[in-house]
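Notes follow once the structure below has been shown.
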């Protein structure tokens, strides 16, 4: 079993839709939960991170962590074609420690 | 945000040759740099963690004699793929962690280097 599981997609939605991206993990020592966005042939860029359980909102993006079920979610509201990318969850045991990436979910937002 | 550069952005080499990839933090000092490899449609796999002035820590299954890492300064780390073979063809990405106070130190990723070994 992989430490971090993520549906690879692809996920195709119409512009304006609410998108839900999810990950599950097995390591209970994970404390920080990052979401990265990666465009084709580029390095990942950090969207947001959450510490421990709870919600965090940043503009159109909301990250949710449920440590009891080891479940991580990223919601995108009012999705735009520019949101088309691969989204990777990456939990970590500590603030500066190594990241364990999921396989990434490829999202396509269509006009 | 902080900027990390990689050079070259892409390289094609013959089998058996060595290739060096540079990772630089442009506007901050990085105590730690990480090297990842990403195959098509797969996730980033951590290869090694590099701390300035000390030996790199390699992940299980990564050959340290094949993937030489040098972190000579707080702004530069290099990855050398020695005696490259076609199976080493991949997208190599580095990240750098900023020296900062607080409970979380973000990793900033470089744009990646695409290596093709013929």
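Chains as they are written, first to last, in the working numbering: chain Z, 1 to 111; chain A, 1001 to 1118. All C-beta atoms in this analysis are idealised placements derived from N, C-alpha and C, irrespective of residue type, glycine included. Only a predicted model underlies this, so the values are computations on that prediction, with no experimental measurement involved.
Report the CB separation of residue i from residue j in whole angstroms; it is logged as a contact under 8 Å.
| i | j | result |
| --- | --- | --- |
| residue 33(Z) | residue 72(Z) | 5 Å |
| residue 1078(A) | residue 1012(A) | Residue 1078(A) to residue 1012(A), Cβ: 19 Å. No contact. |
| residue 1046(A) | residue 1028(A) | Contact flag wrong, Cβ pair sits at about 21 Å. |
| residue 6(Z) | residue 102(Z) | 3 Å |
| residue 109(Z) | residue 69(Z) | Their Cβ separation, rounded to whole angstroms, is 28 Å, which puts residue 109(Z) and residue 69(Z) out of contact at 8 Å. |
| residue 105(Z) | residue 86(Z) | 7 Å |
| residue 27(Z) | residue 3(Z) | 5 Å |
| residue 1002(A) | residue 1074(A) | That pair is no contact at about 13 Å. |
| residue 1004(A) | residue 1115(A) | At roughly 18 Å, the Cβ-Cβ gap does not stay under 8 Å, so residue 1004(A) and residue 1115(A) are not in contact. |
| residue 1039(A) | residue 1083(A) | Not really, about 20 Å apart at Cβ, beyond 8 Å. |
| residue 1006(A) | residue 1111(A) | 6 Å |
| residue 1009(A) | residue 1096(A) | Actually they do not touch by this definition, with Cβ atoms about 17 Å apart. |
| residue 47(Z) | residue 107(Z) | That belief does not hold up - the Cβ atoms of residue 47(Z) and residue 107(Z) are roughly 12 Å apart, past 8 Å. |
So for residue i, helix, strand or coil by DSSP?
| i | result |
| --- | --- |
| residue 7(Z) | coil |
| residue 14(Z) | strand |
| residue 1043(A) | coil |
| residue 91(Z) | strand |
| residue 1065(A) | coil |
| residue 58(Z) | strand |
| residue 45(Z) | strand |
| residue 1112(A) | coil |
Who does residue i pair with in a DSSP beta bridge?
| i | result |
| --- | --- |
| residue 1097(A) | 1032(A) and 1107(A) |
| residue 85(Z) | 107(Z) |
| residue 74(Z) | 21(Z) and 63(Z) |
| residue 1073(A) | 1076(A) |
| residue 1048(A) | 1035(A) and 1058(A) |
| residue 1007(A) | 1022(A) |
| residue 101(Z) | DSSP lists no partner for residue 101(Z). |
| residue 1(Z) | The partner list for residue 1(Z) (beta bridge, DSSP) is empty, contrary to what the question assumes. |
| residue 36(Z) | 46(Z) and 88(Z) |
| residue 1091(A) | 1038(A) and 1114(A) |
Taking all protein chains shown into account, decide if residue i is buried (16 or more other Cβ within 10 angstroms of its Cβ) or exposed.
| i | result |
| --- | --- |
| residue 35(Z) | buried |
| residue 1050(A) | buried |
| residue 39(Z) | exposed |
| residue 1086(A) | exposed |
| residue 1037(A) | buried |
| residue 18(Z) | exposed |
| residue 90(Z) | buried |
| residue 98(Z) | buried |
| residue 1107(A) | buried |
| residue 16(Z) | exposed |
| residue 66(Z) | exposed |
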